[in-house]
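Using the working numbering, the first residue of the sequence shown is number 1209, and each one after it goes up by one. Here a beta-carbon is modelled for each residue, glycine too, at the ideal position from N, C-alpha and C. Worksheet: one structure, shown below.
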Amino acid sequence: MTFLAEPEPTPEVEATYANDRAAYGFVMNLSHLWAHQPEAHTRLFDLLALVGGDLSFRERGILVTAAASTIGDSYCSLAWGWKQSDAGNLDAVAGVLAGTDDGLTPREAALATWARAVAGGAGRTTPEDVEALRDAGWSDDEIFRATVFVALRVAFSTVNGALGARPDAELAERAPAAVTDLVTWGRPVAGR
């Protein structure tokens, strides 16, 4: 599942696994990893909820898939590709994963472009990049929140990737072909 051994069973570890079973019907490979420090996972996702709370589910999906595809994270690309397609956003998520941004509004396309810039080399962003977001209707507060959201998602992906968490076979089975055919980067699906 990951490069680390299974964590010792504790009430916190069992609660992590129970939450996955209730939400997905299986325990995600990344949960076996984060079960080594369940509180770190909880605090990270509390912070993500704080900064991303004003973003729509679709906007969060655009940020995650644009960043994940940029850094070569197959796990989050598949997971959010599935979640977004399940929510009726298949065309948009496929466009983001393909890098074409087909199916996005100009406001959303600016957000995807920004997520790729942050994930792909934050030190190379320019005032013009930020101005493009403003021109698309994003406020400075929204730009800040989206940037922190992407940075935290990149950190989450980095931990998962570095410690060998492979996308779950169940995710690949649930994701439509329009997503799985596009995700050719990163770690292969577990069991394949």
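Nearest-angstrom beta carbon gap, residue j and residue i [assumed within contact, 8 Å]
i, j, result
"G1394", "Y1283", "7 Å"
"L1286", "A1380", "6 Å"
"S1274", "R1324", "The sequence given here places Ala at residue 1274; Ser does not occur at that position. About 5 Å; that satisfies the 8 Å criterion."
"A1318", "A1344", "4 Å"
"F1357", "V1259", "5 Å"
"G1289", "A1383", "5 Å"
"A1386", "L1298", "6 Å"
"T1210", "G1372", "5 Å"
"G1311", "A1295", "About 13 Å separates the two Cβ atoms, so there is no contact after all."
"A1276", "S1365", "6 Å"
"L1263", "L1390", "That pair is no contact at about 23 Å."
"A1320", "D1309", "5 Å"
"E1214", "H1240", "6 Å"
Identity of the residue in the options nearest residue i by Cα
i, options, result
"D1281", "W1346, H1249, T1313 and L1238", "L1238"
"W1242", "E1220, P1314 and L1341", "E1220"
"P1217", "Q1245, M1209 and V1326", "Q1245"
"E1267", "W1322, H1249 and P1215", "W1322"
"K1291", "E1336, D1349, L1390 and F1265", "F1265"
"N1227", "E1214, H1249, L1263 and L1212", "H1249"
"I1351", "G1399, V1367 and V1326", "V1326"
Extent of the continuous alpha helix (DSSP H) run through residue i
i, result
"D1337", "P1335 to D1343"
"T1277", "Checking the displayed sequence, the identity of residue 1277 turns out to be Ser instead of Thr. Segment F1265 to I1279, the alpha helix (DSSP H) holding S1277."
"E1350", "D1348 to A1370"
"H1244", "That residue, H1244, is in no alpha helix (DSSP H); it is neither H nor E in DSSP."
"V1301", "L1298 to A1306"
"L1390", "Taken as a continuous stretch (DSSP letters only), L1390 belongs to no alpha helix (DSSP H), as it is neither H nor E."
"D1228", "P1219 to Y1232"
"T1210", "No alpha helix (DSSP H) holds T1210; DSSP gives it neither H nor E."
"G1329", "P1314 to G1329"
"E1381", "A1377 to R1382"
"G1289", "S1282 to D1294"
Exposure of residue i, with buried meaning 16 or more beta-carbon neighbours within 10 Å
i, result
"D1254", "exposed"
"P1375", "buried"
"T1388", "buried"
"E1316", "buried"
"S1347", "exposed"
"T1334", "exposed"
"R1229", "exposed"
"G1303", "buried"
"T1278", "buried"
"T1392", "exposed"
"T1224", "buried"
"D1349", "exposed"
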